Amino acid sequence: MKTIKTQVAIIGGGPSGLLLGQLLHKYGIDNVILERVTGEYVLGRIRAGILEQGFVNLVREAGVEQRMETEGHVHEGVIFSVQGKDTRVDLKGLTGGDVVMCYGQVEITQDLMQARVAADLPTYYEASDVQPMDVKSNTPYVAFTHDGEEYRLDCDYIAGCDGFHGVSRQTIPEDVRTEFERVYPFGWLGLLADVPPCHEELIYAKHERGFALASQRSPTRSRYYLQVPLTDKVEDWSDDAFWEELKKRLPPEVAANMQTGPSIEKSIAPLRSFVCEPMQYGNLFLVGDAAHIVPPTGAKGLNLAAGDVATLLKIFRRVYEEGDKACTEQYSEIALRRVWNAERYSWWLTSLLHEFGDEAGDSAMDPQMRDRFMTSEVNYFLQSEAGRKVIAEQYVGLPYEDLK
Ligand code: RFL
Ligand code: PHB
């Protein structure tokens with residue numbers, strides 16, 4: 013058994029763990045990352061594309077912003093296409109200047125990984141049997157195996173940044189933990205292709221055939237999504253079938269000018285709303301997807317992870333710079349306030365924009381009646397400036413809360 017020591021043990025080397033690690037390093041707080049798979053595998057997960065201002069600011073604070081500043085694209089508005097009628101939500105105008113940044117999760121993860129290597133910070137890839145231990149005591153540690161050798165990582169605190177299927181959340185005893193979950197009756201089929209985006213801004217389309225989203229990664233790379241039944245398999249969808257269906261759901265003038273091409277990646281993601289309360293147990297803190305999942309409709313998942321990182325960073329800085337250990341008790345309450353806001357927004361947009369078919373969504377209502385209400389509601393919000401403002405201020409992201 014090898015024993016190593018750090019201040020903060022970080023389980024999971026996805027965007028949450030890497031961002032937290034980089035920021036802690038910036039403020040002189042030692043940390044070690046334990047990641048179950050290889051770095052290449054982490055970079056193979058094509059996910060988020062939209063970063064809120066708060067996320068962008070954290071990346072700058074971490075000093076890892078160089079490539080994002082040159083290759084990322086600022087988006088000042090977003091289009092909602094509802095059954096053939098298009099409305100632009102002017103994010104910048106309606107929020108008094110806030111915008112979002114279009115820069116892929118893969119890119120930000122790669123930038124953070126490179127910065128970690130450059131700073132020579134310890135990361136154990138392909139760590140197995142990772143297990144947080146004695147988290148209620150003042151001497152917690154993480155047990156793991158690496159290269160066939162057993163390790164013990166002694167630490168002050170453990171950050172569980174290990175995603176939805178990680179081990180950290182399971183460490184909180186079941187009688188302490190409450191989990192809230194809604195699994196939607198459909199998924200998103202995503203396709204990535206090296207073709208120019210069909211429109212300069214994102215288009216969220218509500219269509220009777222199902223929801224569609226036109227997103228992008230760069231002037232030459234597009235990311236598109238289609239709502240599909242949970243029973244569909246990726247193999248059921250040829251590239252041609254995807255493009256054909258996408259064109260039916262997007263505004264006709266956009267579809268007419270759309271460039272298509274072979275997919276680089278194609279995958280189906282189920283849609284889920286999930287929250288674990290509390291997000292802290294002793295000296296273990298859950299961060300990002302380990303504690304909560306939102307359906308991707310509001311582009312909130314990664315941004316919510318960044319919100320957790322921002323709160324935990326403030327806490328660890330106060331602990332190590334001012335010796336105030338009691339402030340750690342604030343984490344769950346502050347983080348969950350933001351989480352529930354984003355959960356509600358993501359659930360709401362998902363309910364408004366998707367077709368639920370024979371399912372009554374989240375109401376006990378007749379499905380057709382529910383559908384009429386949802387269409388009326390989304391049209392009301394898009395036609396009224398006050399309604400567009402409600403959509404915009406949450407899309408760009410609510411401000412981070414300070415500690416007490
Ligand atoms: P991750 O990315 O799942 O990383 C967790 C890491 O922990 C590792 N791990 C372990 N390590 C050690 N020991 C164990 N026992 C471990 N178990 C797991 C895993 O290998 C992994 O590397 O969680 P993290 O870091 O919290 O990041 C969360 C984000 O990835 C996620 O919220 C977003 O991708 C969600 N999301 C979006 N978020 C946005 O803010 N904007 C978007 O536009 C957006 N679009 C999306 C999305 C998610 C999608 N899918 C596929 C669910 C679009 C899609 C389609
Ligand atoms: C993406 O580009 O992957 C993306 C953008 C906006 C969303 C979800 C996903 O709401």
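Residue 13 is where the sequence shown starts when you use the numbering used here, and the numbers rise one by one after that. The beta carbon of each residue, even a glycine, is placed where N, CA and C say it ideally should be. Just so it is clear, the structure is predicted and the values come from calculations on it, not from any experiment.
- When secondary structure is reduced to three states using DSSP, F192 falls in the strand class.
- The residues V207 and W255, in chain order, have a CB closer than 7 Å to that of T272 in the same chain once the five nearest residues on each side in sequence are set aside.
- The C-alpha of V331 is placed about 12 Å away from the C-alpha of Y39.
- For A311, the shortest C-beta to heavy atom distance toward ligand 2 is below 8 Å.
- Every unbroken stretch of the beta strand (DSSP E) spanning 3 or more residues and falling wholly within the region 23–98 is given here in chain order: 43–46, 85–87 and 90–94.
- DSSP places I403 inside the alpha helix (DSSP H), whose first and last residues are E397 to Y407.
- The beta-carbon separation of H304 and V287, rounded to 5 Å, stays under the 8 Å limit for a contact.
- Placement of the Cβ of G61 at a distance of less than 8 Å from at least one heavy atom of ligand 1 is found.
- Close CB contacts of V299 within its chain, under the 7 Å cut and outside five residues either way in sequence, are with S28, L32, A171, G172, C173, A317, D320, V321 and L324 (chain order).
- The alpha carbon of A224 has as its nearest neighbour, out of V44, F92 and E81, the alpha carbon of F92.
- The beta-carbon separation of E64 and G409, rounded to 3 Å, stays under the 8 Å limit for a contact.
- In the three-state scheme derived from DSSP, where H, G and I count as helix and E and B as strand, Q380 is classed as helix.
- Minimum Cα-Cα distance from P274 among the listed residues P282, L296 and D251 corresponds to D251.
- Judged by the Cβ position, R57 fails to qualify as a neighbour of ligand 2 at the 8 Å threshold, every heavy atom of the ligand being at least this far.
- In this structure, the straight-line span from the alpha carbon of I45 to that of G61 is close to 24 Å.
- Short note on Y237: C-beta closer than 8 Å to some heavy atom of ligand 1.
- Going by beta carbons, L361 and I403 fall inside the 9 Å limit.
- Between G373 and V129, the alpha-carbon positions lie close to 46 Å from each other.
- In this structure, S279 is the residue among V101, S279 and Y236 with its C-alpha nearest to the C-alpha of D244.
- Runs of the alpha helix (DSSP H) lying entirely within the region 279–327, each at least 4 residues long, are absent.
- Under the 8 Å Cβ criterion, the region 145–154 does not count as touching the region 101–109, having fewer than three qualifying pairs.
- Residue pairing of W200 in beta bridges, as defined by DSSP: Q239 and A281.
- Under the three-state reduction of DSSP, C167 is assigned to coil, being neither helix nor strand.
- Among the bridge pairs identified by DSSP, Y216 is matched with F92 and L225.
- CA-CA distance, R261 to V90, rounds to 17 Å.
- Going by beta carbons, A131 and Q34 fall inside the 9 Å limit.
- Under the DSSP assignment, I16 falls in the beta strand (DSSP E) whose first and last residues are K14 to K17.
- Taking all protein chains in view, the Cβ of S388 is surrounded by fewer than 16 other Cβ atoms within 10 Å, so the residue is classified as exposed.
- By the Cβ-count criterion, G84 is buried, with 16 or more other Cβ atoms from all chains shown falling within 10 Å of its own Cβ.
- Between A376 and R181, the C-beta spacing is not below 9 Å.
- Annotation for Y293 indicates a beta carbon at 8 Å or more from all heavy atoms of ligand 2.
- Across the set Q126, E81, C114 and H158, the C-alpha of H158 shows the shortest separation from the C-alpha of V49.
- One thing to note: L124 has its Cβ no nearer than 9 Å to the Cβ of V94.
- By the neighbour-count criterion, in which a residue is buried when 16 or more other Cβ atoms sit within 10 angstroms of its Cβ, K416 is exposed.
- Distances from the CA of G24 to each of G116, F67 and V54 were compared; the closest alpha carbon is that of V54.
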